[in-house]
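For the sequence shown, the working numbering begins at 1 and goes up steadily by one.
The C-beta atom is built at its ideal place from N, Cα and C for all residues, glycine as well.
The structure displayed is predicted, hence computed values, not measured ones.
Take a look at the structure set out below.
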Amino acid sequence: MLNYVDRGTIASNGVNGSLGTCTSSGTCTSGSGIQGEFNLNNFEDGVLSSAFMVGLLVASPIFASLSKSVNPFRLIGVGLSVWTLATAGCGFSFNFWSITICRMVVGVGEASFISLAAPFIDDNAPIAQKTAWLAIFYMCIPTGYALGYVYGGLVGTYLNWRFAFWVEAILMLPFAVLGFVMKPLNLKGFAPAESKQALISEETDVQEVQDALNDSAKPTKEKFSHMFSKMKCTCIDLNQFSRFIKDMKALLVDKVYVVNVLGYCAYNFVLGAYSYWGPKAGYKIYNMSDADLIFGGITIVCGILGTLAGGYVLDLMKSTIPNAFKLLSVTTFFGAIFCFTAFCFQNMYAFLAFFSVGELLVFAIQGPVNYICLHCVNPSLRPLSMAISTVSIHIFGDVPSSPLVGVLQDAINNWRETSLILTSILFPAAGIWFTGIFLHSVDRFNEDSEGQVTEVDRSNATPLLEPRVAETSLIC
């Protein structure tokens with residue numbers, strides 16, 4: 001929730017602000033917020049909303065891979081600690097590049113939990129309510145954005161935009177600490193951390209050979225140990241890399257997964273630009289004096305109701321991949337119609353009514369789209385599936401959309417036309433998901449995974465606290 005509150009905060013008029021203006025009579029008003037203080041054009045302003053992608057892109061595959069060998073809650077603790085420091089740094093920024101770098105590092109925090117939280121929920125949710133539980137979790141996205149609009153508008157107006165980031169960092173700190181102290185998390189398809197071991201017997205044999213070397217051969221012994229350590233590290237790197245390539249190939253050849261993510265990319269292209277430019281567009285088109293509060297209020301209500309409704313409806317339909325695709329295509333298509341029609345109205349109240357219905361429909365996709373990501377792959381691939389999905393929807397979705405919408409607006413200087421062009425992209429998203437209905441799909445949630453540990457493995461496992469195991473766990 002706090003992660004997306006931060007996204008809404010930087011998009012709010014109170015924090016994002018605006019450039020200074022001068023009338024033909026020579027009367028000038030000073031700029032406000034980040035854009036006014038750093039004198040940013042719309043493209044640079046849009047870059048700030050997308051900069052987090054750098055950290056997310058680099059860190060997501062790393063966290064997903066490490067989850068196979070490191071306690072996931074510890075990984076989340078590391079990521080949220082980085083997020084806390086980077087967010088505080090945004091408040092101390094002094095120009096465009098300093099705040100851009102901090103926004104890049106903020107992405108590491110999201111990367112630490114996007115690939116781990118959803119599989120954990122999927123493992124623990126009742127079978128008949130899996131999509132509903134996922135919907136409750138993903139409800140934090142629209143709700144967080146909306147709260148960020150309101151929070152940023154209030155703090156930016158009554159204090160200063162920098163305070164908004166400092167308070168966020170303070171609020172996130174306890175969650176970062178919890179990541180280091182909570183009970184270890186075990187995911188379906190993975191060996192528990194206490195039972196993971198390598199070829200202990202082979203290491204024991206090598207150790208006996210090393211112990212047999214007499215003191216007179218110390219140089220040889222040291223050389224042998226050094227060479228052996230290098231071989232272990234090289235083997236680890238090669239194994240991890242080959243395993244990652246194998247997992248990536250499994251995802252990319254899965255037609256159901258690819259179609260689902262492609263539709264999600266087109267969808268997120270629109271929603272990402274809405275979330276960043278929405279308050280400013282509403283202010284310019286309809287002269288909304290309280291655009292942050294209005295958009296925030298609509299998004300909170302529609303985000304909660306739409307996201308929960310999407311999850312519960314899929315559970316009622318019976319949670320299957322084809323049914324999820326049906327729900328995705330229908331809600332996105334009709335949501336696009338309502339949102340597109342809304343921007344055609346000159347009257348603000350007609351706009352708000354149609355746009356609210358449109359948001360209610362488009363937010364319904366969160367549960368179904370992530371259900372497909374989790375259930376079209378083997379259990380051990382779920383963290384990587386979620387990581388690659390999230391990276392993809394940002395790279396091809398909201399990351400380019402915010403700057404591109406800024407460029408489009410700079411070119412045509414008409415927020416209504418810009419909004420209509422943007423909204424039309426929801427129709428291809430609905431079409432892509434519609435094709436998924438006809439694909440052959442298999443729910444792989446209950447399939448065995450190579451990463452699971454048998455009862456024999458558990459009985460043969462040596463306690464992790466023994467010194468020798470700490471050394472031998474690195475054997476490839």
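- The region 71-91 and the region 101-109 touch, with three or more beta-carbon pairs separated by less than 8 Å.
- In this structure, the alpha-carbon of LEU420 lies about 6 Å from that of PHE340.
- For ASP122, the uninterrupted alpha helix (DSSP H) segment begins and ends at 117-124.
- Distances from the CA of ASN260 to each of PRO322, TRP97 and ALA128 were compared; the closest alpha carbon is that of PRO322.
- Residues LEU422 of the same chain have their beta carbon placed closer than 8 Å to that of TYR274, with the five preceding and five following residues left out of the count.
- Here the region 296-303 makes no contact with the region 329-345; the two share fewer than three CB pairs at distances below 8 Å.
- A distance below 8 Å between beta-carbons, with the five flanking residues on each side excluded, links PHE427 to the following residues of its chain, in chain order: PHE333 and ALA336.
- Here ALA411 is exposed. Its C-beta has fewer than 16 other C-beta atoms within 10 Å.
- Of the residues SER329, ILE76 and LEU305, the one whose Cα lies closest to the Cα of MET172 is ILE76.
- CA-CA distance, TRP83 to THR9, rounds to 15 Å.
- Taking every protein chain shown into account, the CB of PRO174 has fewer than 16 other CB atoms within 10 angstroms, so this residue is exposed.
- Note on geometry: alpha-carbon atoms of ILE141 and GLY272 lie some 11 Å from one another.
- Counting along the chain, the unbroken alpha helix (DSSP H) around HIS375 starts and ends at 366-375.
- TYR264 and ILE285 have their C-alpha atoms some 28 Å from each other.
- Rounded to the nearest whole angstrom, the C-alpha separation of PHE345 and LEU147 is 27 Å.
- DSSP, reduced to helix, strand and coil, places SER32 within a strand of the structure shown.
- Boundaries of the alpha helix (DSSP H) harbouring PRO383: 382-393, taken from the DSSP string.
- Remark: fewer than three beta-carbon pairs, one from each stretch, lie closer than 8 Å, so the region 125-142 and the region 59-73 are not flagged as touching.
- With 16 or more other Cβ atoms from the protein chains shown falling within 10 Å of its own Cβ, TYR283 counts as buried.
- Per DSSP, LEU40 lies in no alpha helix (DSSP H) and is assigned neither H nor E.
- Cβ-Cβ distances below 7 Å link LEU328 to GLY263, ILE365, PRO368, VAL369 and TRP433 in the same chain, with the five nearest sequence neighbours on each side left out; the list follows chain order.
- The residue from ASN42, MET139 and ASN39 with its alpha-carbon nearest to that of CYS302 is MET139.
- With a contact defined as Cβ atoms closer than 8 Å, PRO279 and SER12 qualify at about 6 Å.
- Counting along the chain, VAL407 sits inside the alpha helix (DSSP H) bounded by residues 399-412.
- The shortest CA-to-CA distance from ALA176 to any of SER441, ILE395, LEU2 and ALA291 is the one to LEU2.
- Contact between the region 142-162 and the region 396-412 is not established, with fewer than three Cβ pairs separated by less than 8 Å.
- Counted as a single uninterrupted DSSP element, the alpha helix (DSSP H) harbouring ILE432 occupies residues 426-436.
- In the structure shown, the three-state DSSP call for SER65 is helix.
- Beta bridge pairing from DSSP links SER18 with SER32.
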